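First comes the structure, then the notes that go with it.
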Amino acid sequence: MKKLHKLVLQSYIGPFFVTFFIALFILLMQFLWKYIDDLVGKGLEWYIIGELLFYASATFVPLALPLAVLLSSIMTMGKMGEHYELVAFKSAGISLRRILWPMVMISFVLVLAAFFFSNNVLPVANLKSLSLLYDVRQHRPAFNITEGIYYHGIDNFVIRVDEKTNGGNTLKGIKIYDHSEGKGNTNLTLAEWGTMAVTPDQRYLILTLYKGTNYQEAGEGRLTDPDRPFQRLMFDKQVRKFDLSMFELERTDEDLFRSHFRMLNISQLVYFEDSLSTELTKRKESFLRSYKGRFFFMPGLDTLSVEGIPPESFRPPPGVSELKAAPVNEQMVITGAMEKIRNNRNLADRSHQEFRDRKRTLARYQIEFHRKFTLSFACIVLFLIGAPLGAIIRKGGFGLPLVVSVLLFVVFHVISMMGEKMVREGVLEAHQGMWLSSVILLPVGILLTYKATTDSPVLDMDLYKSSIEKIINKIPFARKRLRNEDTATDQ
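Here the sequence shown is numbered in this note's numbering, starting from 6 and rising by one per residue.
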C-alpha cells in the first residue's frame, strides 16, 4: 500500500501547487489592475511595488487555497479515472476510501496550516499591505513638468514651460508663479530659457533661469489700487531652488492600523469583541435610564378645561385647531409637551443610529473571528466535493475539471459573500452567516463521497429519465396522457 499512497501523493501534490500559484497569480493581477492608477506615474522604486505585491499576495491565500484544493482534487481523481487506474485499483480489491486516504491526510495538514496562517500570518500581511497601500495612494505623482501645461505639484508654486529640449533638461519660455505669501498671483517670474537639474540626493530641484524678469506687487490693499507699489527686477541669470522632499514616500505609523479587525488574531478579536459588547450594553442601559427620566407629567394636565367646559366635551369652531382655540396658559403647556415629544423622538432616532453603527462594528470583528475557522473548514468541504466528483466525471487536465471547479467555487464564494453581508446588516448572527456556505455544501460533498465510494451512478441521464417516468406514471392524468400518446404513435 505504500506504493499506492506514494503514487496518489505524487499525483495530488503537483497539481495542487500549480493550481495554487496560478490562482494566486490571477488574484494578484486583479489587485494590480484595480490599483494601477494609484501606482503608475508616482516614481515608486521597484522594491516598494515588490513589497506591496508580496504582502498583497499573502492576503489572497484565503481565496486561492480552497480553489487549489478543489481543482487539484478533481484533476487528480479525474486523471486516474480517465487512465483507468481507479478501475485497476478496484479490481485489485482496493476501495476508493483507501485510495483517497493519502489525500485526506494532506487535506487535514492543509487545514492546520490554513488555521495557523489565518491566525498568525494573515493579520500581519493585512497590516503591512493595507498600510503600505494607504501610503502609496496618498503619495504625490512624480515630479514631471509637461510642455504647455501649468504644473501645480510643488507647494506654493505654479510652473509652466513652452518647450523642453536636451532630454528635458533645457527649458524655454519659463513662467513661475510664487504663491508662498498667500496673496494670489502677486509674484511672477518670466525667463526666456533655463536649465533644470536635481541634486544627487534627489531632495532639491535647481532651476537656473536666464534673461528674465521678476514682477512683484508690494504693499497691502487691492490689486486694482493705482497707488499700490509695483516692483520689476530684470536679471541675466537667476538660480531658484525647490524642495522635492514632498515627493518622497512617507510611511505612516503602523500602530494607527493595528486596531482594525483585519489586523487581529483570535485572542485579540475576542478581547475587542468583548469590549465592544460591554460598551454597547452600557450605552443601551444608559439610554433607557435617561429616556425614562425624560417622561414626566405636570400637575393638572388631566383636568385641563376651556372656560369651565371639560376637555372631552370641547369642540373648536370649524377651521380652528384645538391648540389655537385653547386658552393661553393651556397653549403653553401643550406647546411645551409637543416640544418635549419632538426632542425625545430625535434622541431616540440618534440613539437608534448609534446602536446600529455599534452593532455593525461589532459584527465586523465577529465576522473576522469566524473567518479564521471557515477558511480551514472550506478546504475539507471542497475536498469532499472535488475528489469524488473527479472520480465520477473521469476527466483530467485543465479542461472540464477547471470549468467544474470554477463553477463550484463561484457558488461557494457567492454564498459566503451573501452570508457575510447578511451578518453585517444584522439579518443573521455571525455564526450563522459565516458558516452558511459550509452548511449548504457539506451535505453535497458527503453525498458525492457516498456515491463515488459505492459506485452509484450520478451522471447517468438514463437513470434520471427512468426515475422521472416512474414518478409521472404514478399520476393518473399523466399516465392516461402517456397511454394516449403511445396509441397515437402506434397508429
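For glycine and all other residues, C-beta sits at the position ideal for the given N, C-alpha and C. Values in this document were obtained by computation on a predicted structure and should not be read as measured data.
According to DSSP, is LEU195 helix, strand or coil?
The sequence position of residue 195 within the sequence shown is 190, counting from 1. In the three-state scheme derived from DSSP, where H, G and I count as helix and E and B as strand, LEU195 is classed as strand.
Just how far apart, CA to CA, sit PHE59 and ILE159?
Indexing the sequence shown from 1 puts residue 59 at position 54. Indexing the sequence shown from 1 puts residue 159 at position 154. Each residue's Cα considered, the two are about 32 Å apart.
From which residue to which residue does the alpha helix (DSSP H) around ARG102 run?
To locate residue 102, count along the sequence shown from 1; it is residue 97. Note, ARG102: alpha helix (DSSP H), 101 to 121.
When DSSP labels each residue in this structure, what does MET303 get in the three-state scheme?
To locate residue 303, count along the sequence shown from 1; it is residue 298. With a pLDDT of 48 at MET303, under the threshold of 50, the modelled position of that residue is not reliable, and no figure is offered here.
Taking the alpha carbon of GLY246 as the reference point, which residue from LYS345, PHE378, ILE372, THR200 has its own alpha carbon closest?
Numbered from 1 along the sequence shown, position 241 holds the residue referred to as residue 246. It should be pointed out that residue 246 corresponds to Lys in this sequence rather than to Gly. Here the closest residue by C-alpha is THR200.
What residues in its chain sit with their C-beta under 6 Å from that of GLN221, if we drop five residues either side in the sequence?
In the sequence shown, the residue the question calls residue 221 occupies position 216. ASN192, GLN236, listed in sequence order.
Tell me, please, whether the stretch 115 to 135 touches the stretch 380 to 390 by the rule of three or more beta-carbon pairs shorter than 8 Å.
Under the 8 Å Cβ criterion, the stretch 115 to 135 counts as touching the stretch 380 to 390, having at least three qualifying pairs.
Would MET80 pass as a contact of PRO20 if the rule is Cβ separation under 7 Å?
In the sequence shown, residue 80 corresponds to position 75, counting from 1. In the sequence shown, residue 20 corresponds to position 15, counting from 1. The Cβ atoms of MET80 and PRO20 sit closer than 7 Å to each other.
Going by C-alpha to C-alpha distance, which of THR257, LEU413, PHE240 sits closest to SER134?
The sequence position of residue 134 within the sequence shown is 129, counting from 1. In terms of Cα proximity to SER134, the closest of THR257, LEU413, PHE240 is THR257.
Touch check for the stretch 24 to 41 and the stretch 60 to 69: three-plus C-beta pairs under 8 Å?
The stretch 24 to 41 is in contact with the stretch 60 to 69.
If distances are taken between C-alpha atoms only, which option among GLU425, THR218, VAL45 comes closest to ARG376?
Your numbering for residue 376 matches position 371 in the sequence shown. Among GLU425, THR218, VAL45, the Cα nearest to that of ARG376 belongs to GLU425.
Three-state class that DSSP yields for LEU412 in the structure shown:
Taking the first residue of the sequence shown as 1, we reach residue 412 at position 407. Helix.
Output the distance between the C-alpha atoms of PHE302 and ASP354, rounded to the nearest integer angstrom.
Within the sequence shown, the letter at position 297 stands for residue 302. Within the sequence shown, the letter at position 349 stands for residue 354. Its pLDDT being 49, under 50, PHE302 is placed unreliably by the model, and nothing is read from it.
According to DSSP, simplified to helix, strand and coil, what is ALA368?
Taking the sequence shown and counting its residues from 1, one reaches residue 368 at position 363. Looking at ALA368 - three-state DSSP - the assignment turns out to be helix.
Give me whichever residues DSSP pairs with ASN219 in a beta bridge.
Indexing the sequence shown from 1 puts residue 219 at position 214. Under DSSP, ASN219 forms a beta bridge with THR194, LEU238.
Hey, how far is the Cα of PHE378 from the Cα of SER282?
For this step, residue 378 is matched to residue 373 along the sequence shown. For this step, residue 282 is matched to residue 277 along the sequence shown. Taking the straight line from one Cα to the other gives about 21 Å.
Which residue or residues does DSSP assign as beta-bridge partners of ALA202?
As a first step, residue 202 is located in the sequence shown; it is residue number 197 there, counting from the start. In DSSP, ALA202 forms a bridge with ILE211.
Is ASP42 helix, strand or coil when you go by DSSP?
As a first step, residue 42 must be located in the sequence shown, where it is residue number 37. Correct three-state label for ASP42: helix.
Nearest CA to the CA of LEU127: which residue from ALA396, LYS456, ILE390, ARG263?
Along the sequence shown, read from residue 1 onward, the residue named residue 127 stands at position 122. Closest by alpha carbon: ARG263.
Opposing strand residues paired with PHE162 [DSSP bridges]
As a first step, residue 162 must be located in the sequence shown, where it is residue number 157. Per DSSP, ASP183.
With DSSP collapsed to three states, give me the class of THR257.
Counting from 1 along the sequence shown, the entry for residue 257 is found at position 252. The answer is coil: DSSP assigns THR257 none of H, G, I, E or B.
If I measure Cβ to Cβ from ARG365 and keep anything under 7 Å in the same chain, skipping five residues before and after, which residues do I get?
If you number the sequence shown from 1, residue 365 lands on position 360. Closer than 7 Å at the Cβ level, and outside the excluded window around ARG365, lie ARG429.
To the nearest angstrom, how far is the alpha carbon of LEU447 from that of GLY395?
Here the question's residue 447 lines up with position 442 in the sequence shown. Here the question's residue 395 lines up with position 390 in the sequence shown. Between LEU447 and GLY395, the C-alpha separation is close to 17 Å.
Please work out which residues of its chain come closer than 7 Å, Cβ to Cβ, to LEU413, disregarding the five sequence neighbours upstream and downstream, and give them in chain order.
Along the sequence shown, read from residue 1 onward, the residue named residue 413 stands at position 408. Hits under 7 Å: LEU75, ILE390.
Helix, strand or coil for GLY450, going by three-state DSSP, please let me know.
Working through the sequence shown from its first residue, we reach residue 450 at position 445. In this structure, GLY450 counts as helix in the three-state DSSP scheme.
I'd like the list of long-range same chain contacts for MET373, defined as Cβ closer than 8 Å, with 5 residues on each side in sequence excluded.
One-based indexing of the sequence shown puts residue 373 at position 368. The residue you asked about is not Met; residue 373 is Glu in the sequence shown. Within the same chain, PHE266, ARG267, LEU269, LEU274 come within 8 Å of GLU373 by CB-CB distance, once the 5 residues on both sides are set aside.
By DSSP, does PHE25 sit in helix, in strand, or in coil?
Counting from one through the sequence shown, the residue named residue 25 turns up at place 20. In this structure, PHE25 counts as helix in the three-state DSSP scheme.
Check whether the Cβ atoms of THR64 and ASN131 sit closer than 7 Å, and answer yes or no.
Your numbering for residue 64 matches position 59 in the sequence shown. Your numbering for residue 131 matches position 126 in the sequence shown. Their beta carbons are under 7 Å apart, which means THR64 touches ASN131 by this criterion.
Leaving out five residues on either side along the sequence, give the residues of the same chain with a beta carbon under 8 Å from the beta carbon of LEU367.
By 1-based counting over the sequence shown, the position of residue 367 is 362. Shown here for LEU367: same chain residues with a beta carbon closer than 8 Å to its own, the five before and five after excluded, namely GLU278, LEU281, SER282, LEU285 in chain order.
Use the C-beta contact count for VAL166: other C-beta atoms within 10 angstroms, 16 or more gives buried, fewer gives exposed.
Mapped onto the sequence shown, residue 166 falls at position 161. Its Cβ being crowded by 16 or more others within 10 Å, VAL166 is buried.
From THR170, GLU87, ILE164, pick the residue whose C-alpha is nearest to that of HIS184; which is it?
For the purposes of this step, residue 184 is taken as residue 179 along the sequence shown, with counting starting at 1. Checked all of THR170, GLU87, ILE164; the closest Cα to HIS184 is ILE164.
Apply the 10 Å Cβ neighbour rule to ALA93 and answer buried if 16 or more other Cβ atoms are within range, or exposed otherwise.
The residue labelled residue 93 in the question sits at position 88 within the sequence shown. Residue environment analysis places ALA93 among the exposed positions, since fewer than 16 neighbouring C-beta atoms fall within 10 angstroms of its C-beta.
To the nearest whole angstrom, what separates the beta carbons of TYR40 and MET108, a pair I think is in contact under 8 Å?
Translated into positions along the sequence shown, residue 40 becomes position 35. Translated into positions along the sequence shown, residue 108 becomes position 103. For a cut-off of 8 Å, the C-beta gap from TYR40 to MET108 is around 37 Å, too long to register as a contact.
Taking the alpha carbon of GLU90 as the reference point, which residue from HIS157, ILE154, LEU49, LEU12 has its own alpha carbon closest?
For the purposes of this step, residue 90 is taken as the residue at position 85 of the sequence shown. Ranking the options by Cα distance to GLU90, first place goes to LEU12.
For the alpha helix (DSSP H) that contains LEU269, what are its first and last residues?
Within the sequence shown, numbered from 1, the residue matching residue 269 stands at position 264. Per DSSP, LEU269 belongs to no alpha helix (DSSP H) and is neither H nor E.
Can you give me the start and stop residues for the alpha helix (DSSP H) that TRP51 sits inside?
Sequence index remark: in the sequence shown, residue 51 carries index 46 (1-based). Element bounds for TRP51: 51 to 64.
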